[in-house]
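In what follows, a single structure is set out as structure tokens and then discussed.
Below, the structure is given as structure tokens:
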């Protein structure tokens, strides 16, 4: 009898094993088919765009498309308005250039072939500030009929039922959204790679990351395939790719531009705030985009957006500024090129007649761990990681996903063991446990409000107009971003403070900067400091930016400083070249 039961048990065990294997195999096949469909859809759209460009060139043999994409936005807009360039020629020129950039950089998730139909009605939007301007949009901005994937399989095959408010306003202003751009898996990472569309690389050096999460935007614009784009920023996601790729980007105050129709894997957070902002080759293009978006159409379509039009007078002012600055926040030691860029820009501003005043962000250690890290993963990362269950985890996310996925008691124990030796790493691990209760979340929100008031009080005491600070750079080697959350203190604090912040490229990494890396120790001597050196090694020639910051709702003042920095750096470069 015992032998009979053993045979039955073995048989049942084998059947169960085979069933589990078949179930896993079916799941794997389903994932493969889903990924295949998404990639085939993108290839089909790219092919349709190629055909459209080819047909246009055949029908308009005398039009030089290559010269169109070299024009600055202001000049391009002027020529479209005076009739010397037609919107259809401009769209096809940028479509051709975007296809070329995509082949090299892999920066697109979808080509919006509906943009060709939009040309039929474009004359009715001739009064729009962006009339006839092709524009790229980040993957997570809803465009009717297209997925907003956020780089995860859970959001595939779920096309938007209508345009986001932002896309609607762009169309009303005469702009032509024509391409969606790549993002990291889940968006909470600053390298641009996901299992659906793969990795986007940096146009300045294809062996480096373009940054993220608006990495496809940064790469496409820097690669010449777009003249103006829109990204979103929760911890530096507009600013980092702009800095890594050598362009300009602005993170506005939360909800200065409508967020209605912005997809995300983690919605509902109120500690660190997301915002949508423009990315372009120069500051004037960012200002034009803000002028166009801050219009009655936006305020009507989304009544939650405060009806504050763009203040051109503040932006164009030439009055000397009182500019706060810091060389380092005392938490993350800047790279040699970051420090040099900041100090050289400070000197140029002082020579131009502006007053530079030292400024210190208060309580940086607490603010970064308790508000940035714990604020972004208040649920212990559960919501984000749920989106990863259906498919593979991208290599750039694996380190992050493994550590975030540990049970809470393991994180707490690990934090306890690390604390005596590596206090910063211990604090980060503990913060990823999230908050313990609704009461703890309310307490966190109250503490953030106090922190904002404390920072503004310090700002007011020094009578500052704006703030100049270092910007993360240069662009990393691949697969380091998930290990380097410490570096985000450069950018993410301004999402907690909800201050507008923008970046302007001011210099490039020199051989001397690279050589100075051998002396880099960081402030804590932990894995974060050592890994940062590995991440940025081999950066000679890559762009380096500075960051400009203003008080909430003062985007125009932020852009004012950015414009001044851009102008002074251009003049200085010209002067050095002539000598």
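Residue numbers (the UniProt record's numbering): 1 to 579.
Just so it is clear, CB atoms sit at the ideal spot from N, CA and C, and this is done for glycine as well.
Exercise. Give every residue of the same chain whose Cβ lies closer than 7 Å to the Cβ of residue 25, excluding the five residues on either side of it in the sequence, and list them in chain order.
Key: At residue 25, the pLDDT of 48 sits below 50, so the modelled position is not reliable; the number obtained from the coordinates is stated separately. So the list is empty, once near-sequence residues are dropped.
Quiz item: Between 496, 547, 537, which lies nearest to residue 253 when the distance is taken from Cα to Cα?
Solution: Ranking the options by Cα distance to residue 253, first place goes to 496.
Practice problem: Rank 566, 537, 430 by C-alpha distance to the C-alpha of residue 205 and give the top, closest one. | Solution: 537
Exercise. Give the DSSP-derived three-state secondary structure of residue 413 in the structure shown.
Key: helix
Exercise. Pair every Cβ in the stretch 188 to 201 with every Cβ in the stretch 162 to 169, then say whether three or more of these pairs are closer than 8 Å.
Key: Segments in contact, no.
Quiz item: If you measure from the beta carbon of residue 216 to each beta carbon in chain B, is any gap under 8 Å?
Solution: Structure shown: chain B not included; a single protein chain is present.
Quiz prompt | Candidates 137, 484, 324, 230: closest to residue 350 by CA position | solution = 324
Exercise. Please check the pair residue 545 and residue 504, which I expect to be a contact at CB under 8 Å, by giving their CB distance rounded to whole angstroms.
Key: 6 Å
Quiz item: In angstroms, rounded to a whole number, what distance separates the CA positions of residue 105 and residue 225?
Solution: For residue 105 and residue 225, the distance between alpha carbons rounds to 11 Å.
Exercise. Measuring alpha carbon to alpha carbon, tell me which of 469, 439, 142 ends up nearest residue 155.
Key: Taking only the C-alpha atoms, the option nearest residue 155 is 142.
Self-check item: Span separating the alpha-carbon of residue 518 from that of residue 227
Solution: The alpha-carbon atoms of residue 518 and residue 227 are separated by roughly 38 Å.
Exercise. Within the stretch 458 to 506, note down every full alpha helix (DSSP H) run reaching 4 residues or more, in order along the chain.
Key: Inside the stretch 458 to 506, DSSP marks whole alpha helix (DSSP H) runs of 4 or more residues at positions 493 to 497, from first to last along the chain.
Exercise. Mind checking who residue 279 pairs with in its DSSP beta bridge?
Key: 229, 249
Quiz item: Can the beta-carbon of residue 148 be found less than 8 Å from the beta-carbon of residue 179?
Solution: no
Self-check item: Buried or exposed (CB count within 10 angstroms, at least 16 for buried), residue 469
Solution: buried
Exercise. Could you please give the first and the last residue of the uninterrupted beta strand (DSSP E) stretch that includes residue 208?
Key: 205 to 209
Quiz prompt | Residue span of the beta strand (DSSP E) that contains residue 263, given as start and end | solution = Taken as a continuous stretch (DSSP letters only), residue 263 belongs to no beta strand (DSSP E), as it is neither H nor E.
Self-check item: Simplified DSSP state of residue 54, which is helix, strand or coil
Solution: helix
Quiz item: Smallest Cα separation from residue 490: which of 483, 480, 501?
Solution: Of 483, 480, 501, the smallest CA-CA separation from residue 490 is found for 501.
Practice problem: Keeping to the same chain, check which residues put their C-beta closer than 7 Å to that of residue 408; ignore five residues upstream and five downstream. | Solution: 380, 433
Quiz item: Name the DSSP bridge partner or partners of residue 108?
Solution: 181
Quiz item: So does the stretch 279 to 287 actually touch the stretch 63 to 79, counting three or more Cβ pairs closer than 8 Å?
Solution: yes
Quiz item: Can you list, in chain order, the residues of its chain whose CB lies under 6 Å from that of residue 414, leaving out five sequence neighbours each side?
Solution: 429
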